[in-house]
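Peer 1:
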Amino acid sequence: MRLLSYFRGEAFQRGIHPPSCKLTAATPIRRMPFAPRLTVPLSQHIGKPPRPIVQVGQEVVRGQPIARTDDWLSVPHHAPATGVVEAIDLRPSARGPWTQSIVIRVHPGATQEDLWGEPRDLSGATPQDILQAVWDTGMVGLGGAAFPSHAKLSVPKQAKVHTLVVNGCECEPYLTCDHRVMVEEADPLIVGIRYAMRATGAVRTIVGVEDNKPDAVAAIQAAIDRARGTTTEGDIFVEAVPTKYPQGSEKMLIMALFGVEVPSGGLPVQLGMVVNNVGTLAALGRLLPSGRGLTERVVTVTGPGVARPGDYRMPLGTPLSFVLEYAGAPADSRQVILGGPMMGQSAATLDVPITKGVSGVLVFKGDDLAHREGLRTFPCIKCGECVESCPMGLNPSQLGMLAAKREYETMGGQYHLGDCFECGCCTYVCPSNIPLVQQFRIAKQVLRERAV
Amino acid sequence: MTATIEIRTAPHIRGPRTVERIMRQVVLSLAPICAFFVYQYGLSAAASLLAVTLACLGTERLFARTGSQSGDISDWSATITGILLALSLPPGFPLWMGAVAGFVAVALGKALFGGIGFNVFNPALVGRAFVQAAFPVSIAAYTPSFLPGRFTEFIPSSLAWPLMMPADNAAWLHAMHLDALAGATPLAKWKFDGVLAGAGELLTSLSGHMAVGPSPLLILVCGAYLALRRYLDWRIPAAILGSAGLTAWILFGFDAVRYPNPFFMLFSGGLILGAVYMATDMATSPVTPRGMWVYGALIGLLTVVIRYYSGLPEGVMYAILIGNAATPLIERITQPTPFGVGEARKARRAGTYPLHPSYISREEAGASAPKKRIFRNKPKRTP
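Protein chains in written order, with the numbering used here: chain A, 1 to 452; chain B, 1001 to 1383.
Below, the structure written as C-alpha cells:
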C-alpha cells in the first residue's frame, strides 16, 4: 500500500520495487583481456561524431587520440589498445544503423598499461582549464546517457551553481558497476569530485547512494574523512537515499535529497545544481592528473546462467561476442541487453562493441523469457497500477488508450507526454500486459518528426 | 556463443501481477462471504449462487465464441460478476430469474461494450437493475435468515418454473410461526414501518432471523485483505463510507427523529457490499487517485439521498450506476499533476539538505531560484 511508503518516508512519490537481483555486488572488479580486434565507433555519445585522425595501417599506442573534434557537443576518442588500425569503415552499432568505426587489430601481448599522456598539475587551473582537460579525456556520462561530461560540467553564464550532486543510486536491477566503483575507487572519486566542484564553482557536494549499498556509503565516508584537511574547497557529504526504482533519475534524486521538484522541462541547473554519475567522476579522478584519455570502463556482465558474472574493466570497443565468451554466457541465451533490464537496449548482433555509455551486459535464457511470453494481453482494465507507479505523475492508462487511437497531439498537449522519461514502470506493473512505454516511445518519436 | 538472439524493447522484466491473478484473488476473497451466505440461508442461497454464476459464465462463453469481445471465462471476471450478482439478490429469488439476471449482466453489461475493460457500468449491477425493473415483487421478497431446516428444504419461491410467477412465501413462513414482517429487510422496516435495527446486530447479521445479506463485518475484513494486498483501492470504500456516514450524521444531527442514526445507514442494506466490491470494479471506477475520492463521495451522498427521499428503500445500486456514468467526467477533471508542474518549487517533504547552502547569500541564491513574492512592490529589507 502507498500508505506504507508514506510512513517509510520514501523520497519521491510512486515508483516501483523490482527484485534487485544484484548477483555481482560482492565480486571485485576484474580486468578483461584484449579481444583480437577492437571496434571504436566514432559516434558513441550524444552529439556529433568526431573525425578520425589516424590512417588505415597506422600503428597506434594505447591512449593515443585517434579521433578529434572542434565541435563543443562532441568528444575525442583514444585508442583502447596498442595495435594497427585495420580499417575505418561502417560497422554495426548498438542503436541499429551501421556507423563509421575505427577497427584496431591488437598486437598480441600488448600491455593494458596506459602508455600515452603525461602527468600534469591542475592545482592552479582555472575552471576553463579543467573543462578543457575534461574534454580532452573524451569523457561522457558513464551512467548510460553518454552525454559529454565537459558540456554537463559547464555552467551557463546566467546561472550559478552551488551544489554538485553525485549520482550513485544505480537503481536498475542486476547492475553493480557503479557500486563496485564506489567501494573500490572511493579515493579517485573524491579527487574527481574536487575537480568537478572547481569546474562548476559548486561549494558543496552530495553523493546520493541507495540504501541497499551500505558498504559503498561506508567506503565513500572513509575516503571523505581521509581527504579532509587537504583542501578547503567546501564540503562533501554522502547520503543514503531509499532504494526504489527509478531513484537514479536525476530529478528523483534531487527530490530525495532536497525535497524539491525540478520544474517540468527544466534542468537541475535552474535550481543551482549539476548532477554527475559516480563512475564518471571516479574515472575523471584517475584520468585528469595523469593526462590520459578514456580507454576502458567498468561493465557489469550478468544474468541468470552466466558462468562467471562480474564487473569487468574492459577496453572500449571489445565486441559483445568476446565479452560473452569470456564471461561464459549459456549456450541457450536468447536475449542480450546492453544496460539494465528496465531501460537497456536489446543487442541485435554480437558484433556490437562495448561503448562509453554501456554500463551492463545482461543475458537472458529461454526460461527467463518463457513466463513473459506466456502472458495474455488484455485491454486496459483501468486498475490504476500505472498511475500509482509513474514517478513523473502522469496518467499512463489514459496515454495508452490515446496511443492506441494514435492521438499523439492530445498526448503531448494535454497529458504531458513530454515529461515521460521512459523508465518503464508502467509497463512493468501493467497486469493487462500492455506495452505502454513502447507506445509512448513511438508517440514521442512521431511528435518529434512532426515538429520538424 | 553462437545462439540466435532476439530483440525486444525495454523494460525486459515484468511485475508478477496479471489480470487473471487480480480476478482470482477477488474470487478467493469472496469465498468466505459466499460461505456465510449459504450458512444464513441454506440450500436456496447455494442454488442461487450456482445458477447465477453459471448463467454468467455461459453467457461469457457464448460471446467469447462469437469473437466480438475481449477476454473469456478463463480470466475469472464473469465469475466475480456472477457471485456479486447472486449476493445482491434475495436468497429466495427464483432461480430462473437469477439466470436471466446473469445473462443480462454479462450480455448487456459487458459483451455489448466489447468485453472486459470496455464496460461502462458494473455488469452485476446492470443485471440487478434489469431484474429490479422486470421482477419488482420477487426482488423485494426477502426471507428471514437462520430458519430451521434451511439445509434440507428450499425456500418455495426459489423453485418457480421458468416464466412462471413464484409461489408466495407468506404461507410457508406462517407455517413456521413467523409473521410476514419477518421477511422485510431492516431498511424496508425502517422506511415503511419505522422500526430501527441496532447497528451491532446489523454488523454481524448473526442475531435473530434478520432478513439481511452476509455480515458487513465479514465483507469489511475480506475487503481489507484485498486492500492490503493492493488488489482493490482502499480510497473508494473509504470515500463512500465516509461520505455516506457524514451525510447521514449531519441529517441525524439536524432531525434525530426523522432520520436514523448514521451507523444504521452504514451497516444496513447493501452499502458495505457495494462500497467494497461493486464500486471498486476497476473498469468502471476512475484511475486517478483524486478521482477516486470524488467518485466515492458522490456514491455515498447519492446512496443516502436515494434512501431518504425516494420511494425505494435501497439506493446503493443506482448510486453506483450513476457514479459509473460520471466516471469519465470525473477522470477528466482530476488528472494527476505531473512532477515539476504547478507547485513545482514547493518542497513536498522536508529534504535531507537545505536547497541552498547557508553560506550563499540570499541575493546570489535568488539568481538561480527566484523567490515568489506575494507583494510585488514591498520594499526589500536591507540587513
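Ideal Cβ placement from N, Cα and C applies to all residues, glycine included.
Exposed or buried, which one is G1082/B when buried takes at least 16 other CB atoms within 10 Å?
Peer 2: G1082/B is buried by the Cβ-count criterion.
Peer 1: With 9 Å set as the bound, which would you pick, yes or no: does the beta-carbon of V1120/B sit closer than that to a beta-carbon of chain A?
Peer 2: No, V1120/B lies away from the interface with chain A (no Cβ there is under 9 Å from its Cβ).
Peer 1: So which residues on chain A does F1135/B lean against when the C-beta distance must stay under 7 Å?
Peer 2: Result: empty, since nearest Cβ-Cβ is about 31 Å, beyond 7 Å.
Peer 1: Of the residues P41/A, A110/A and P148/A, which one's Cα is nearest the Cα of P97/A?
Peer 2: Taking only the C-alpha atoms, the option nearest P97/A is P41/A.
Peer 1: For my contact list, A307/A and L294/A are in at a C-beta cut-off of 8 Å; report their separation, rounded to the angstrom.
Peer 2: Not really, about 29 Å apart at Cβ, beyond 8 Å.
Peer 1: Nearest by alpha-carbon distance to T1152/B: which of Y1039/B, Q1132/B, M1165/B and A1227/B is it?
Peer 2: Nearest option by C-alpha distance: Y1039/B.
Peer 1: Whole angstroms are fine: how far does the CA of I224/A sit from the CA of Y1359/B?
Peer 2: Below a pLDDT of 50, predicted positions are generally treated as unreliable, and Y1359/B, at 49, falls in that range; no measurement from the model is reported.
Peer 1: Of all the CB atoms in chain B, is at least one closer than 9 Å to the CB of N277/A?
Peer 2: No, its Cβ sits nowhere closer than 9 Å to a Cβ of chain B.
Peer 1: Below 7 Å on C-beta distance, what does I337/A contact in chain B?
Peer 2: Those within 7 Å of I337/A in chain B are H1012.
Peer 1: Got a sec, what are the start and stop residues for the beta strand (DSSP E) M314/A sits in?
Peer 2: First-last of the beta strand (DSSP E) with M314/A: G310 to P315.
Peer 1: Which two residues bound the contiguous beta strand (DSSP E) that contains D89/A?
Peer 2: It spans G83 to P92 - the beta strand (DSSP E) in which D89/A sits, taken as one unbroken run.
Peer 1: Does any residue of chain A bring its CB to less than 9 Å from the CB of T1018/B?
Peer 2: Yes, because at least one Cβ of chain A sits closer than 9 Å to the Cβ of T1018/B.
Peer 1: Do T82/A and T111/A have their beta-carbon atoms positioned less than 9 Å apart in this structure?
Peer 2: Result yes, Cβ atoms of T111/A and T82/A sit closer than 9 Å.
Peer 1: In three-state DSSP terms, what is M1165/B?
Peer 2: Reduced to three states, the DSSP call for M1165/B is coil.
Peer 1: Please name the residue, chosen from D187/A, Y326/A, V299/A and I206/A, that lies closest to L468/A on a Cα-to-Cα basis.
Peer 2: Missing from the structure shown is residue 468/A; chain A here goes from 1 to 452 and no further.
Peer 1: Apply the 10 Å Cβ neighbour rule to I381/A and answer buried if 16 or more other Cβ atoms are within range, or exposed otherwise.
Peer 2: Label assigned to I381/A: buried.
Peer 1: What does DSSP give as the partner residues of P319/A in its beta bridges?
Peer 2: DSSP output for P319/A lists P353/A as bridge partner(s).
Peer 1: What would DSSP say about T1059/B, mapped onto helix, strand or coil?
Peer 2: Helix.
Peer 1: When you compare only the Cα positions, how much space is there between A1046/B and G1102/B?
Peer 2: If I take the Cα positions, the gap works out to 15 Å.
Peer 1: By the three-class DSSP mapping on this structure, what secondary structure does E290/A have?
Peer 2: Contrary to the premise, residue 290/A reads as Ser rather than Glu in this sequence. Of the three classes helix, strand and coil, the one that applies to S290/A here is helix, per DSSP.
Peer 1: Does DSSP classify K365/A as helix, strand or coil?
Peer 2: The answer is strand: DSSP assigns K365/A an E or B state.
Peer 1: Within its chain, find whatever has a CB closer than 7 Å to the CB of L131/A; leave out the 5 residues flanking it on each side and keep chain order.
Peer 2: So the qualifying residues of the chain are H150, L153, S154 and A199.
Peer 1: At 3 residues or longer, what runs of the beta strand (DSSP E) sit wholly inside the stretch 219 to 305 of chain A?
Peer 2: The qualifying runs are 235 to 241, 273 to 277 and 296 to 302.
Peer 1: According to the Cβ coordinates, are L1248/B and P1237/B closer than 9 Å?
Peer 2: Going by the sequence as given, residue 1248/B is Ala instead of Leu. It is not a contact, given that the beta carbons lie outside the stated cut-off.
Peer 1: What residues from the stretch 1261 to 1286 of chain B come within 7 Å of chain A, judged by C-beta to C-beta, listed N to C?
Peer 2: Residues M1282 and A1283.
Peer 1: What is the DSSP secondary structure of R406/A, counted as helix, strand or coil?
Peer 2: Of the three classes helix, strand and coil, the one that applies to R406/A here is coil, per DSSP.
Peer 1: Could you spell out where the alpha helix (DSSP H) holding S1070/B opens and where it closes?
Peer 2: Premise fails: S1070/B is in no alpha helix (DSSP H) and is neither H nor E.
Peer 1: Below 8 Å, can you find three or more Cβ-Cβ pairs linking the stretch 397 to 404 of chain A to the stretch 317 to 337 of chain A?
Peer 2: Short answer: they don't touch.
Peer 1: Kindly say whether I224/A, judged by its beta-carbon, lies nearer than 9 Å to any beta-carbon of chain B.
Peer 2: Answer no: the Cβ-Cβ gap between I224/A and chain B never drops below 9 Å.
Peer 1: Identify every residue that forms a DSSP beta bridge with V155/A.
Peer 2: According to DSSP, which records beta bridges pairwise, V155/A is partnered with nothing at all.
Peer 1: Can you find a CB in chain B that lies within less than 9 Å of the CB of Q438/A?
Peer 2: Taking Cβ atoms only, chain B reaches closer than 9 Å to Q438/A, which makes this a yes.
Peer 1: Taking any Cβ of chain B, which residues in the stretch 240 to 262 of chain A have a Cβ under 7 Å from it, in chain order?
Peer 2: Listed by position along the chain: K251, L257, F258, G259, V260, E261 and V262.
Peer 1: Quick one: residues in its chain with C-beta nearer than 7 Å to the C-beta of L369/A, no 5 flanking neighbours on either side, listed in chain order?
Peer 2: Excluding residues within five positions, the ones whose Cβ falls inside 7 Å are R334 and Q335.
Peer 1: Taking C-alpha atoms, which residue in L142/A, L447/A, F421/A and R450/A lies nearest to A1010/B?
Peer 2: It is F421/A whose Cα lies nearest to the Cα of A1010/B.
Peer 1: Suppose you measure from the CA of G1015/B to the CA of S1158/B; what does that come to, to the nearest Å?
Peer 2: Approximately 45 Å, taken between the alpha carbons.
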